[in-house]
Amino acid sequence: DVKVTQSSRYLVKRTGEKVFLECVQDMDHENMFWYRQDPGLGLRLIYFSYDVKMKEKGDIPEGYSVSREKKERFSLILESASTNQTSMYLCASSPPGVTQYFGPGTRLLVL
Amino acid sequence: KNEVEQSPQNLTAQEGEFITINCSYSVGISALHWLQQHPGGGIVSLFMLSSGKKKHGRLIATINIQEKHSSLHITASHPRDSAVYICAGGMNRDDKIIFGKGTRLHILP
Chain A
2 DVKVTQSSRY LVKRTGEKVF LECVQDMDHE NMFWYRQDPG LGLRLIYFSY DVKMKEKGDI
62 PEGYSVSREK KERFSLILES ASTNQTSMYL CASSPPGVTQ YFGPGTRLLV L
Chain B
50 KNEVEQSPQN LTAQEGEFIT INCSYSVGIS ALHWLQQHPG GGIVSLFMLS SGKKKHGRLI
110 ATINIQEKHS SLHITASHPR DSAVYICAGG MNRDDKIIFG KGTRLHILP
C-alpha cells in the first residue's frame with residue numbers, strides 16, 4: 002500500500018513564527034503536491050514538484066515556500082505564519098499520469 | 050478557465066437509498082477522479098476514469114466524455130458512507146488536479 006505521511010495531525014503556532022510541514026511518501030513517486038483545504042473553497046494547490054529540487058507554483062503560493070531535497074520528502078514552509086493561513090494542509094504524491102495519494106492532513110491553527 | 054462543478058453541495062438520505070452525485074467539467078480535463086473524505090480529514094481516492102464506467106463494491110462511477118459529465122453512484126447506502134465526496138479533473142498537459150468543492154453526504158440510519 003502507498004503510504005503518505007505528514008509530520009503532524011494538529012499544530013498550533015503564533016503569528017510570525019516560521020512553520021515547517023513535512024510530507025514523506027514511500028513509493029518512489031515523482032510528483033508531490035501541497036494543498037490547503039478551506040470550507041466552501043475546496044482544495045487549492047499551493048505548490049507541486051515533479052522531481053527532486055524542482056518546484057512549481059500552484060494557484061495560491063503567496064506566503065509559502067517549499068523544499069524537495071530528497072525524492073521521498075516534500076516540505077511546505079510558512080516563512081512568517083499569519084492567521085489567514087489557519088487551514089487544513091494536505092500533501093499528496095503520484096507517479097506521472099496516475100491518481101494522487103493523499104496524506105492524513107495537518108490541521109494548522111495560527112493564533 | 051478549467052473548472053469542475055459538483056452537485057448537490059449537501060445530500061441527506063435514508064439508509065438503503067440509491068445515491069447519485071454529479072460532476073461537470075470543462076475542456077482540458079482528460080481524466081476524472083472521485084475522492085472520499087471522512088470527518089478527520091484523510092482523503093482516499095475511489096476512482097480515476099477517462100471513459101466508461103468503473104465499479105468497486107457498492108460504488109459506481111461513470112463518465113460521459115462528450116457531455117463532460119461524470120456521476121458517482123452508491124447503491125444500498127449505509128451510514129458509514131457519510132463523508133464528503135470530491136470530484137476532481139486531471140489536466141491534459143500535466144499531472145495537476147482541479148478539485149470540485151465537494152458534496153457532503155449524510156446517510157441516516
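Heads up: the protein sequence lines correspond to chains A and B, in order.
One gets my numbering by counting positions in the first sequence from 1 and adding 1 to each.
One gets my numbering by counting positions in the second sequence from 1 and adding 49 to each.
Even for Gly, the Cβ is constructed at its ideal location relative to N, Cα and C.
- Out of Gly41(A), Ser95(A), Leu12(A), Val99(A), the CA that lies nearest to the CA of Trp35(A) is found in Ser95(A).
- Residue pairing by DSSP puts Gly138(B) in a beta bridge opposite Leu81(B), Ile147(B).
- Within the DSSP bridge table, the entry for Phe67(B) names no partner.
- Listed along chain A are Gly43, each with a C-beta nearer than 8 Å to that of Gly149(B).
- If you ignore the 5 residues before and after Pro62(A), its C-beta comes within less than 8 Å of the C-beta of Ile47, Tyr48, all in its own chain and listed in chain order.
- Counting along the chain, Leu22(A) sits inside the beta strand (DSSP E) bounded by residues 20-26.
- Here Ser94(B) really is in contact with His82(B); their C-beta atoms are around 6 Å apart, less than 8 Å.
- Taking 8 Å as the upper bound for CB-CB distance, Ser66(A) and Glu80(A) are in contact here, some 6 Å apart.
- Using beta-carbon distances, Asp144(B) counts as an interface residue toward chain A, with a partner under 9 Å.
- Lys4(A) and Val20(A) have their C-alpha atoms spaced approximately 23 Å apart.
- Closest in alpha carbon position to Leu77(A), among Thr84(A), Thr16(A), Val25(A), Gly17(A), is Val25(A).
- If you look at His30(A), you'll find it isn't in any beta strand (DSSP E); DSSP assigns it neither H nor E.
- Using a Cβ-Cβ cut-off of 9 Å, Ile114(B) does not count as an interface residue toward chain A, since no Cβ of chain A sits closer than that to its own.
- Ranked by Cα distance from Tyr74(B), the options Gln115(B), Ile156(B), Leu157(B) are led by Gln115(B).
- Nearest neighbour of Pro57(B) by Cα position, chosen from Gly151(B), Leu157(B), Ile156(B), Pro158(B), turns out to be Gly151(B).
- Our two residues, Thr124(B) and Phe75(A), have alpha carbons roughly 38 Å apart in a direct line.
- The C-beta of Ser119(B) comes no closer than 9 Å to any C-beta of chain A.
- For Tyr90(A), the enclosing beta strand (DSSP E) stretches over residues 88-95.
- Residues of the segment 49-77 of chain A with a Cβ closer than 8 Å to any Cβ of chain B, in chain order: Phe49, Tyr51, Gly59.
- Note that the C-beta distance between Ser126(B) and Ala80(B) is not below 9 Å.
- Think of a sphere of 8 Å around the beta carbon of His82(B): the chain A residues whose beta carbon falls inside it are Thr100, Gln101, in chain order.
- If the five residues before and after Lys54(A) are omitted, its C-beta is found closer than 8 Å to the C-beta atoms of Arg69, Glu70, all from its own chain and listed in chain order.
- If you look at Met55(A), you'll find it isn't in any beta strand (DSSP E); DSSP assigns it neither H nor E.
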